[in-house]
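**Q**
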Amino acid sequence: MTLALEPLSTAATLQQEDCRVAVLNPARFSDKALRPIAEKLIGGTSLSFDDGMALWNTRDIFSLGELANFARRVRHGNVAYYNINRHINYTNICALSCKFCEFQRKRGAAGAYEFSHEDVFRMAGEAVASGATEVHIVGGLHPWLPFDWYLGMLSGLRTRYAKLHLKAFTAIEINHFTKIARLSTREVLAALKEAGLGSMPGGGAEVFDDRVHDEVFKGKLRADGWLEVHRTAHELGLKTNATILYGHVETREERTRHLLALRELQKEAPGFQTIIPLSFIPEGSELGHLPGNTGLEDLKMLAISRLMLDNFEHVKAFWIMQSMKLSQVSLDWGVDDLDGTVVWYDITKREAGAGNRHQEQTVDSIKRLIVEAGYVPVERDTLYRRVIRDPANWTTGWHVQ
Ligand code: V47
Numbered sequence: 000m001t002l003a004l005e006p007l008s009t010a011a012t013l014q015q016e017d018c019r020v021a022v023l024n025p026a027r028f029s030d031k032a033l034r035p036i037a038e039k040l041i042g043g044t045s046l047s048f049d050d051g052m053a054l055w056n057t058r059d060i061f062s063l064g065e066l067a068n069f070a071r072r073v074r075h076g077n078v079a080y081y082n083i084n085r086h087i088n089y090t091n092i093c094a095l096s097c098k099f100c101e102f103q104r105k106r107g108a109a110g111a112y113e114f115s116h117e118d119v120f121r122m123a124g125e126a127v128a129s130g131a132t133e134v135h136i137v138g139g140l141h142p143w144l145p146f147d148w149y150l151g152m153l154s155g156l157r158t159r160y161a162k163l164h165l166k167a168f169t170a171i172e173i174n175h176f177t178k179i180a181r182l183s184t185r186e187v188l189a190a191l192k193e194a195g196l197g198s199m200p201g202g203g204a205e206v207f208d209d210r211v212h213d214e215v216f217k218g219k220l221r222a223d224g225w226l227e228v229h230r231t232a233h234e235l236g237l238k239t240n241a242t243i244l245y246g247h248v249e250t251r252e253e254r255t256r257h258l259l260a261l262r263e264l265q266k267e268a269p270g271f272q273t274i275i276p277l278s279f280i281p282e283g284s285e286l287g288h289l290p291g292n293t294g295l296e297d298l299k300m301l302a303i304s305r306l307m308l309d310n311f312e313h314v315k316a317f318w319i320m321q322s323m324k325l326s327q328v329s330l331d332w333g334v335d336d337l338d339g340t341v342v343w344y345d346i347t348k349r350e351a352g353a354g355n356r357h358q359e360q361t362v363d364s365i366k367r368l369i370v371e372a373g374y375v376p377v378e379r380d381t382l383y384r385r386v387i388r389d390p391a392n393w394t395t396g397w398h399v400q
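Counting in numbering that gives the first Met the number 0, the sequence shown runs from 0 upward without gaps.
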């Protein structure tokens with residue numbers, strides 16, 4: 000299989016695929032509080048905290064969707080992105096005990112695991128053989144693996160699979176590496192980049208609020224630390240993503256402030272590509288008594304992320320957490336990206352059921368869902384470049400193993 004990349008960012012490229020124009024008619028909105036927000040959107044003014052709260056408080060979900068869809072279509076027309084990727088969670092052994100996390104295990108506990116370099120190389124090799132352009136590698140804060148182990152994993156992958164993009168390590172892991180290697184954040188990131196790191200995922204942000212931090216993920220890096228790692232990565236030329244974990248003990252005010260903090264950092268040190276709002280899955284966690292999000296709350300979170308983060312290019316619905324069905328609907332609520340084929344995922348298991356790590360979408364199923372929603376599916380790589388495949392080597396119904 001051969002593939003080539005071309006930039007996706009030019010409006011001209013997208014317009015060819017765009018058969019609908021972005022339109023907004025605030026006079027039709029039944030919630031009048033949303034009309035001044037529409038004016039701001041049309042005029043290119045960033046939304047305030049109060050605007051964010053007005054969006055949360057509205058019961059006019061269709062006008063909220065129209066606003067988010069307008070902002071989405073201005074940027075991406077009728078294109079919806081996906082990628083062929085594979086998530087590798089190299090260990091679930093973790094020094095932390097976050098209450099929302101069903102994934103972490105202590106050393107020796109039932110279900111604790113750690114992959115060897117050879118395991119990771121084999122999985123990446125399978126991914127390459129089935130057409131993946133990216134591996135997304137994250138794990139727990141392993142108490143005794145040395146920093147060299149992580150460098151060796153990246154350089155071993157780069158040597159074996161030069162074209163494969165290595166998106167790896169959350170800000171929490173990076174902070175852990177600074178402690179085990181006794182290096183600064185900048186030094187750790189520079190060493191990882193040298194070894195093959197291509198970009199960073201957005202995990203570990205949770206909710207930027209001390210109250211929520213102390214209640215649910217005490218012991219984890221706080222907001223300022225997470226933001227500092229991403230700032231440093233951007234300064235070193237690494238693209239990163241951002242997340243928010245919503246639907247547990249946080250308030251809507253705290254969510255809104257989280258989004259504003261991300262927008263601020265993007266202004267000061269640009270480098271974020273995508274916001275991924277992660278819908279909290281209570282099952283199996285210490286917060287298992289909580290009800291989790293409703294579909295409407297998921298749609299609101301995605302739409303409000305699009306509207307508040309006017310300096311982020313992409314909003315991703317991670318189907319593992321929002322479900323495939325809602326992710327499809329969310330394409331009309333501000334979302335332009337559906338992550339990818341994933342294949343194996345350990346951190347949460349809503350779609351697969353308890354104990355089942357195999358969580359996979361075929362390219363055909365992702366495309367079908369996008370087309371049915373009225374969008375044009377575009378395969379992208381991690382940096383949102385279009386992937387062009389040689390059709391001679393492409394088979395319909397192709398399945399990632
Ligand atoms: O950091 C943990 C979250 C994150 C639960 O950057 C949970 O492209 C819901 O960050 N319910 C990892 N969420 C996933 C992540 C991610 C996923 C896809 C794409 C990208 C990207 C990033 O999952 C963790 C944590 O915030 N998480 N437990 C739970 N029970």
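C-beta atoms are modelled at their ideal positions from N, C-alpha and C, and glycine is treated no differently.
So Asn84 and Phe102 are in contact, right, with Cβ under 8 Å, and what is the actual spacing, rounded?
**A** Indexing the sequence shown from 1 puts residue 84 at position 85. Indexing the sequence shown from 1 puts residue 102 at position 103. Not really, about 19 Å apart at Cβ, beyond 8 Å.
**Q** What's the gap between the Cα of Leu382 and the Cα of Leu237?
**A** By one-based count along the sequence shown, residue 382 stands at place 383. By one-based count along the sequence shown, residue 237 stands at place 238. Answer to the nearest angstrom: the Cα atoms are 10 Å apart.
**Q** So what's Gln272 in DSSP terms, helix, strand or just coil?
**A** Stepping through the sequence shown from its first residue, residue 272 is reached at position 273. Strand.
**Q** Return the CA-CA distance between Val362 and Ala241, expressed in angstroms with no decimal places.
**A** Taking the first residue of the sequence shown as 1, we reach residue 362 at position 363. Taking the first residue of the sequence shown as 1, we reach residue 241 at position 242. Rounded to whole angstroms, Val362 to Ala241 spans 25 Å at the Cα level.
**Q** Measuring only from the beta carbon, is Met320 closer than 8 Å to any heavy atom that is part of the ligand V47?
**A** Mapped onto the sequence shown, residue 320 falls at position 321. It does: the Cβ of Met320 is within 8 Å (strictly closer) of some heavy atom of the ligand V47.
**Q** Let me check one thing: in DSSP terms, what residues is Thr90 bridge-paired to?
**A** Counting from 1 along the sequence shown, the entry for residue 90 is found at position 91. Paired residue(s): Glu113.
**Q** Quick check on this structure: which residue in Asn77, Leu226 and Gly246 has the alpha carbon closest to the alpha carbon of Ala372?
**A** Locating residue 372 in the sequence shown gives position 373, where the first residue counts as 1. When each option's Cα is compared against that of Ala372, the closest is Asn77.
**Q** Should Ile60 and Leu295 be called a contact, given that it needs their Cβ atoms to be closer than 9 Å?
**A** Position 61 of the sequence shown, counting from 1, holds the residue named residue 60. Position 296 of the sequence shown, counting from 1, holds the residue named residue 295. For Ile60 and Leu295, yes; Cβs fall inside 9 Å.
**Q** Quick check on this structure: which residue in Val187, Leu277 and Lys266 has the alpha carbon closest to the alpha carbon of Ala167?
**A** Walking along the sequence shown from the start, residue 167 turns up at place 168. Answer by Cα proximity: Val187.
**Q** Does at least one heavy atom of the ligand V47 sit under 8 Å from the Cβ of Cys93?
**A** For this step, residue 93 is matched to residue 94 along the sequence shown. False, no ligand heavy atom lies under 8 Å from that Cβ.
**Q** In the DSSP assignment, the beta strand (DSSP E) including His135 goes from what residue to what residue?
**A** In the sequence shown, the residue the question calls residue 135 occupies position 136. That run of the beta strand (DSSP E) goes Glu133 to Val137.
**Q** Report the rounded CA-to-CA distance for Glu359 versus Val341, giving the unit in angstroms.
**A** Translated into the one-based positions of the sequence shown, residue 359 becomes position 360. Translated into the one-based positions of the sequence shown, residue 341 becomes position 342. Rounded to whole angstroms, Glu359 to Val341 spans 6 Å at the Cα level.
**Q** Compare the C-alpha of Ser284 against each of Arg104, Ala53, His141 and Thr44 and name the closest.
**A** For the purposes of this step, residue 284 is identified with residue 285 of the sequence shown, where counting begins at 1. Selected option, being the one with the closest Cα: Arg104.
**Q** Could you tell me the distance, in whole angstroms, from the CA atom of Arg181 to the CA atom of Ile173?
**A** Position 182 of the sequence shown, counted from the first residue, corresponds to residue 181. Position 174 of the sequence shown, counted from the first residue, corresponds to residue 173. Going by the C-alpha atoms only, they are around 12 Å apart.
**Q** Taking the alpha-carbon positions, what's the Val377 to Ala67 distance?
**A** Locating residue 377 in the sequence shown gives position 378, counting from the first residue. Locating residue 67 in the sequence shown gives position 68, counting from the first residue. Distance between the alpha carbons of Val377 and Ala67: 20 Å.
**Q** Tell me whether Ala11 sits in a helix, a strand or coil according to DSSP, three-state version.
**A** Position 12 of the sequence shown, counted from the first residue, corresponds to residue 11. The predicted position of Ala11 is uncertain, since its pLDDT is 39 and thus under 50; no value can be drawn from it.
**Q** Contact defined as beta carbons within less than 8 Å: I believe Ala123 pairs with Tyr160. What is the distance between those atoms, to the nearest angstrom?
**A** Residue mapping note: residue 123 aligns to position 124 of the sequence shown, counting from 1. Residue mapping note: residue 160 aligns to position 161 of the sequence shown, counting from 1. That belief holds up - the Cβ atoms of Ala123 and Tyr160 are roughly 6 Å apart, short of 8 Å.
**Q** So His257 and Val334 are supposed to be a Cβ contact under 8 Å. How far apart are they, rounded?
**A** Looking up residue 257 in the sequence shown gives position 258. Looking up residue 334 in the sequence shown gives position 335. About 18 Å separates the two Cβ atoms, so there is no contact after all.
**Q** Scan the region 283-328 and note each continuous alpha helix (DSSP H) run of 4 residues or more that stays entirely inside, going in chain order.
**A** List check, alpha helix (DSSP H) in window: 294-307 and 318-321.
**Q** So Ile404 and Leu330 are supposed to be a Cβ contact under 8 Å. How far apart are they, rounded?
**A** Because the chain in this structure spans residues 0 to 400, residue 404 falls outside the shown range and cannot be described.
**Q** Is Gly339 helix, strand or coil by DSSP?
**A** Position 340 of the sequence shown, counted from the start, is the residue given in the question as residue 339. Three-state DSSP puts Gly339 in a strand.
**Q** Would you call the region 24-34 in contact with the region 48-62, where contact means no fewer than 3 C-beta pairs closer than 8 Å?
**A** With a cut-off of 8 Å, the region 48-62 and the region 24-34 count as touching, because enough Cβ pairs lie within range.
**Q** With H, G and I counted as helix, E and B as strand and the rest as coil, what does DSSP make of Lys266?
**A** Here residue 266 corresponds to residue number 267 of the sequence shown, with the count starting at 1. If DSSP states are grouped into helix, strand and coil, Lys266 belongs with the helices.
**Q** Who does Thr239 pair with in a DSSP beta bridge?
**A** Along the sequence shown, one-based indexing puts residue 239 at 240. For Thr239, which the question treats as bridged, DSSP gives the partners Met199 and Phe271.
**Q** Suppose you measure from the CA of Thr1 to the CA of Leu95; what does that come to, to the nearest Å?
**A** The residue given as residue 1 occupies position 2 in the sequence shown. The residue given as residue 95 occupies position 96 in the sequence shown. Reliability of the predicted coordinates at Thr1 is poor, the pLDDT of 48 falling under 50, and the value obtained from them is presented with this limitation in mind. For Thr1 and Leu95, the distance between alpha carbons rounds to 42 Å.
**Q** Using beta-carbon positions only, say whether Leu306 and Pro276 come within less than 9 Å of one another.
**A** Taking the sequence shown and counting its residues from 1, the one referred to as residue 306 is at position 307. Taking the sequence shown and counting its residues from 1, the one referred to as residue 276 is at position 277. In this structure, Pro276 does not lie closer than 9 Å to Leu306 by Cβ.
**Q** Return yes when at least one heavy atom of the ligand V47 lies under 8 Å from the C-beta of Phe168, else no.
**A** Mapped onto the sequence shown, residue 168 falls at position 169. Incorrect: Phe168 has no Cβ contact closer than 8 Å to the ligand V47.
**Q** Of all the beta strand (DSSP E) runs that stay within the bounds of the region 151-238, which reach a length of 3 or more residues?
**A** Those beta strand (DSSP E) runs which fall completely within the region 151-238 and span 3+ residues are 164-167.
**Q** If we call anything under 9 Å between Cβ atoms a contact, is Ala151 one with Ala194?
**A** Reading the sequence shown from its first residue, position 152 is the one you call residue 151. Reading the sequence shown from its first residue, position 195 is the one you call residue 194. A small correction: the amino acid at residue 151 is Gly; Ala does not occupy that position in the sequence shown. The answer is yes: Cβ separation under 9 Å.
**Q** State buried or exposed for Thr395, treating a residue as buried only when at least 16 other CB atoms are found within 10 Å of its CB.
**A** As a first step, residue 395 must be located in the sequence shown, where it is residue number 396. With a pLDDT of only 31 at Thr395, under the threshold of 50, the placement of this residue in the model should not be trusted; the figure read from the coordinates follows. The residue in question, Thr395, is exposed, as its Cβ has fewer than 16 Cβ neighbours within 10 Å.
**Q** Under 9 Å between the Cβ atoms of His229 and Leu264?
**A** Taking the sequence shown and counting its residues from 1, the one referred to as residue 229 is at position 230. Taking the sequence shown and counting its residues from 1, the one referred to as residue 264 is at position 265. Yes, Cβ-Cβ distance for His229 and Leu264 is below 9 Å.
**Q** Near Asn292, what residues of its chain come up, given a Cβ to Cβ distance below 6 Å and the 5 sequence neighbours on each side ignored?
**A** Here the question's residue 292 lines up with position 293 in the sequence shown. Gly246 and Ser278, listed in sequence order.
**Q** With DSSP as the reference, please indicate the residues paired to Asn84 in a beta bridge.
**A** Residue 84 sits at position 85 when you count from the first residue of the sequence shown. Paired residue(s): Glu133.
**Q** Mark Ser304 as exposed unless 16 or more other C-beta atoms lie within 10 angstroms of its C-beta, in which case mark it buried.
**A** As a first step, residue 304 must be located in the sequence shown, where it is residue number 305. Counting Cβ neighbours within 10 Å, Ser304 comes out buried, since at least 16 surround it.
**Q** Run through DSSP, which three-state label would Ile280 get?
**A** For the purposes of this step, residue 280 is taken as residue 281 along the sequence shown, with counting starting at 1. Ile280: coil per DSSP, three-state reduction.
**Q** When you compare each of Glu65, Val134, Glu249 and Tyr89 to Leu140 by their alpha carbons, which one comes out closest?
**A** If you number the sequence shown from 1, residue 140 lands on position 141. Selected option, being the one with the closest Cα: Tyr89.
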